[in-house]
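K.L.:
What follows is a single structure, and I will ask about it in a moment.
There are 2 protein chains.
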Amino acid sequence: MTQVVILGAGNVATHLYRAFQKSEEIEVVQVYNHRPEKLANFTETFTTTAISELKEADIYIFALKDDAILKMANIVPDFGALYLHTSGGIGIDALGKFRNYGVFYPLQTFSAKRELDFSEIPMCLEANSEKNLQKTKKLAAGISEKLFETNSKQRKALHASAVFVCNFTNHLYTIGADICQKNDLSFELLKPLIRETASKIEQLSPEEAQTGPAIRNDRGTIEGHLELLNQNQKNIYELLTASIYNLHGKKL
Amino acid sequence: MTQVVILGAGNVATHLYRAFQKSEEIEVVQVYNHRPEKLANFTETFTTTAISELKEADIYIFALKDDAILKMANIVPDFGALYLHTSGGIGIDALGKFRNYGVFYPLQTFSAKRELDFSEIPMCLEANSEKNLQKTKKLAAGISEKLFETNSKQRKALHASAVFVCNFTNHLYTIGADICQKNDLSFELLKPLIRETASKIEQLSPEEAQTGPAIRNDRGTIEGHLELLNQNQKNIYELLTASIYNLHGKKL
Chain A
1 MTQVVILGAG NVATHLYRAF QKSEEIEVVQ VYNHRPEKLA NFTETFTTTA
51 ISELKEADIY IFALKDDAIL KMANIVPDFG ALYLHTSGGI GIDALGKFRN
101 YGVFYPLQTF SAKRELDFSE IPMCLEANSE KNLQKTKKLA AGISEKLFET
151 NSKQRKALHA SAVFVCNFTN HLYTIGADIC QKNDLSFELL KPLIRETASK
201 IEQLSPEEAQ TGPAIRNDRG TIEGHLELLN QNQKNIYELL TASIYNLHGK
251 KL
Chain B
253 MTQVVILGAG NVATHLYRAF QKSEEIEVVQ VYNHRPEKLA NFTETFTTTA
303 ISELKEADIY IFALKDDAIL KMANIVPDFG ALYLHTSGGI GIDALGKFRN
353 YGVFYPLQTF SAKRELDFSE IPMCLEANSE KNLQKTKKLA AGISEKLFET
403 NSKQRKALHA SAVFVCNFTN HLYTIGADIC QKNDLSFELL KPLIRETASK
453 IEQLSPEEAQ TGPAIRNDRG TIEGHLELLN QNQKNIYELL TASIYNLHGK
503 KL
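Here the protein sequences line up with chains A and B, keeping their order.
Using our numbering, the first residue of the first sequence is number 1, and each one after it goes up by one.
Using our numbering, the first residue of the second sequence is number 253, and each one after it goes up by one.
Listed below in structure tokens is the structure:
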């Protein structure tokens, strides 16, 4: 049984906690957060708001925002255990003060209200020694079937990619919803298209899957769309249209 | 039994043809295209490359590119049947020379290699009379469970929204794949995230679902990502980050 302490009580911490609870090989012995009200959801385990009360464990997981990881790494003592952080954005060296450290980055978007199947989530792993990597892999294997070794540079690149395919994509959904709302249309109308756009790339590469007026620089359609948009939406439409045409149009 | 002639042999025509083939109430009596090699896939029906050989039918469907619809509408004679086009981008008036006309717009992205479940595809319908609208609805009900009446202005807005949530989103996937490739990472790593990003908005509004460094204008993370990108990717990253922050950040 691997004993784990989770530092943090946000979305990543909460989802990791639930996934660990389902594993028979992992026991969460404590969840730490400095704000007691954030710990209200972790009723089935010991919680604490004081670093001085941290329990002994095999692994301590910093499931915190990037700046909080850096801050907490300075405060948490080195018990000789393994210390991991869950961030895609910062290097392994953020925990370099500990003897045993690494990264345990689940590549997924976490919202409090969504249940997730952790077994499908790619776990991007790194550690400061082969022995620690094996421990990190064992922990990850307890919750996911998809383990990947990635160095800090690769993880940063993955994080940047994730911003494009998740954060920016979701913002395009927001713009789609806004255009619908302004034209008395239900956003429900777009959902099958959103589903199919995401499903298509399971079978085709995104380059092969590209469709739409931008590929052929169909100015009539493009100008018609621009008329409907506000200035910010126009800027985004024009930049992405030019980017698609530069990539695809020249090959036609 | 409603008899249909399809004008066109591209992705929309092909998928409509397959959907009609499955319906017991619809018979495709002919597929027209001016290029014989494009008709090779339509083996189970009569095909023609000559307008003069068009068969009699209840409904003629212009499943063509926008400019081809406008051109063909001039050439096809008015047999008194119902004439429909499948475009999101052009108005109902494109077929205004016929006595009975309307629009039969399936809001979906069509690729030759993908099988689609038409029953889930929103059919956006319009016609020049109540009687013709009922006929158009009856045809749509033969292949889909999701019928919507939309006027030409709404359809244009839907088409613009579709460009954002489908064409532009797919281009963001392409950029994600490019960043992965340049960093020796498999695009497979991003697929669960892409799936979840699309699934999330079945439950949350896209505004609620927004996550990432742009919301809080996390400059450290943002600058780190920009270092990894080419100039075009940087321009897109900065514009979308500013757009997200302007929408969400001010509310924090």
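Think of the CB as a built atom: it goes at the ideal place given N, C-alpha and C, for glycine as much as any other residue.
When you compare the segment 392–400 of chain B with the segment 366–374 of chain B, are there three or more beta-carbon pairs, one atom per stretch, that lie closer than 8 Å?
P.N.:
Yes, since at least three Cβ pairs between the segment 392–400 of chain B and the segment 366–374 of chain B fall closer than 8 Å, the two stretches touch.
K.L.:
Which runs of the alpha helix (DSSP H) fall wholly inside the segment 338–409 of chain B and span at least 4 residues, in chain order?
P.N.:
For the segment 338–409 of chain B, whole alpha helix (DSSP H) runs of length 4 or above, ordered along the chain, are 382–393.
K.L.:
When you compare the CB of B:His423 with every CB in chain A, is at least one pair closer than 8 Å?
P.N.:
Yes, because at least one Cβ of chain A sits closer than 8 Å to the Cβ of B:His423.
K.L.:
Look up B:Gln282 in the DSSP assignment and say whether it is helix, strand or coil.
P.N.:
In the structure shown, B:Gln282 sits in a strand (DSSP, three-state: E or B).
K.L.:
Please report the straight-line C-alpha distance between A:Ile75 and A:Gln210, rounded to a whole angstrom.
P.N.:
Rounded to whole angstroms, A:Ile75 to A:Gln210 spans 49 Å at the Cα level.
K.L.:
Please list the residues of the segment 97–111 of chain A that have a C-beta atom closer than 9 Å to any C-beta atom in chain B, keeping them in chain order.
P.N.:
Residues passing the 9 Å Cβ filter: Leu107, Gln108, Thr109, Phe110, Ser111.
K.L.:
Let's test the definition: count the other Cβ atoms within 10 Å of the Cβ of A:Thr86 and tell me whether it reaches 16, buried, or not, exposed.
P.N.:
Flag for A:Thr86 reads buried.
K.L.:
What does A:Ile194 touch in chain B if you count any residue whose Cβ is under 8 Å from its own?
P.N.:
Ordered by position in chain B, the residues that pass the 8 Å Cβ test against A:Ile194 are Val417, Cys418, Thr421, Ala450, Ile453.
K.L.:
Give the C-beta separation of A:Ile51 and A:Leu84 to the nearest angstrom, bearing in mind that I take them to be a contact with Cβ-Cβ under 8 Å.
P.N.:
Actually they are not in contact, since the Cβ atoms of A:Ile51 and A:Leu84 sit about 17 Å apart, beyond 8 Å.
K.L.:
Give the interface partners of A:His261 over in chain B, defined as CB-CB distance under 8 Å, in chain order.
P.N.:
It is not possible to answer for residue 261 of chain A, since the shown part of chain A is limited to 1 through 252.
K.L.:
Mind checking A:Glu202: buried by the 16 CB within 10 Å criterion, or exposed?
P.N.:
Counting Cβ neighbours within 10 Å, A:Glu202 comes out exposed, since fewer than 16 surround it.
K.L.:
Contact criterion: CB-CB distance below 8 Å. Does A:Gln30 meet it with respect to chain B?
P.N.:
Answer no: the Cβ-Cβ gap between A:Gln30 and chain B never drops below 8 Å.
K.L.:
Answer with buried or exposed for A:Met1, where buried requires no fewer than 16 other C-beta atoms within 10 angstroms of its C-beta.
P.N.:
Counting Cβ neighbours within 10 Å, A:Met1 comes out exposed, since fewer than 16 surround it.
K.L.:
Could you check whether the Cβ of B:Glu459 sits closer than 8 Å to any Cβ belonging to chain A?
P.N.:
Yes - at least one Cβ of chain A is within 8 Å of the one on B:Glu459.
K.L.:
On the DSSP letters alone, give me the boundaries of the alpha helix (DSSP H) that B:Gln462 sits inside.
P.N.:
Segment: none, B:Gln462 is in no alpha helix (DSSP H) and carries neither H nor E.
K.L.:
If contacts are defined as beta-carbon pairs under 8 Å, then A:Leu189 and B:Leu359 qualify, I think. What distance do you get, rounded to the angstrom?
P.N.:
That pair is a contact at about 6 Å.
K.L.:
Determine, for B:Asn469, whether the minimum Cβ-Cβ distance to residues of chain A falls below 8 Å.
P.N.:
No, no contact with chain A.
K.L.:
With DSSP collapsed to three states, give me the class of A:Val76.
P.N.:
It is coil, neither helix nor strand.
K.L.:
Starting from the Cα of A:Asn230, find the closest Cα among A:Ala9, A:Glu44, A:Asp178 and give me that residue.
P.N.:
Cα-wise, what sits closest to A:Asn230 is A:Asp178.
K.L.:
Would you kindly check if the distance between the Cβ of B:Gln282 and the Cβ of B:Thr295 is under 8 Å?
P.N.:
It is not a contact, given that the beta carbons lie outside the stated cut-off.
K.L.:
Specify the secondary structure class of B:Gln255 as computed by DSSP and reduced to three states.
P.N.:
Here B:Gln255 sits in strand by DSSP.
K.L.:
Please list the partners that A:Asp66 has in chain B, where partner means a Cβ-to-Cβ separation under 8 Å.
P.N.:
The answer, in chain order, is Asp470, Gly472, Thr473.
K.L.:
Report the rounded CA-to-CA distance for B:Leu492 versus A:Phe168, giving the unit in angstroms.
P.N.:
Distance between the alpha carbons of B:Leu492 and A:Phe168: 6 Å.
K.L.:
Less than 8 Å between the C-beta atoms of B:Val256 and B:Ala309, yes or no?
P.N.:
A contact, by the Cβ cut-off of 8 Å.
K.L.:
Inspect the CB distances between the segment 125–134 of chain A and the segment 407–426 of chain B and report whether three or more fall short of 8 Å.
P.N.:
They do not touch, by the three-pair rule.
K.L.:
Determine the direct distance from the alpha carbon of B:Gln485 to that of B:Lys349, and round the result to whole angstroms.
P.N.:
C-alpha separation (whole angstroms): 46 Å.
K.L.:
Taking only three categories from DSSP, how would you classify A:Phe164?
P.N.:
A:Phe164: helix per DSSP, three-state reduction.
K.L.:
Measuring only between beta-carbons, confirm whether B:Glu378 sits less than 8 Å from chain A.
P.N.:
No, B:Glu378 lies away from the interface with chain A (no Cβ there is under 8 Å from its Cβ).
K.L.:
Could you tell me which uninterrupted beta strand (DSSP E) segments, each at least 3 residues in length, are contained entirely in the segment 48–77 of chain A, listed from first to last along the chain?
P.N.:
Whole beta strand (DSSP E) segments, 3+ residues: 59–62.
K.L.:
Looking at A:Glu126: is its Cβ nearer than 8 Å to the Cβ of A:Ile90?
P.N.:
No, the pair does not count as a contact, with Cβ atoms beyond the cut-off.
K.L.:
My understanding is that B:Leu480 touches A:Ala13, with C-beta atoms under 8 Å, so please give their C-beta distance in whole angstroms.
P.N.:
At roughly 27 Å, the Cβ-Cβ gap does not stay under 8 Å, so B:Leu480 and A:Ala13 are not in contact.
K.L.:
List the residues that DSSP assigns as beta-bridge partners of B:Tyr335.
P.N.:
Bridge partners of B:Tyr335: B:Tyr312, B:Tyr353.
K.L.:
Ends of the alpha helix (DSSP H) at B:Ser444?
P.N.:
Reading off the sequence, residue 444 of chain B comes out as Pro, not Ser. Counting along the chain, the alpha helix (DSSP H) containing B:Pro444 begins and ends at 443–452.
K.L.:
Distance cutoff 8 Å, beta carbons only. Does A:Ala81 sit that close to anything in chain B?
P.N.:
A:Ala81 does not count as touching chain B.
K.L.:
Output yes if chain A places a C-beta closer than 8 Å to the C-beta of B:Lys443; else output no.
P.N.:
Closer than 8 Å: yes.
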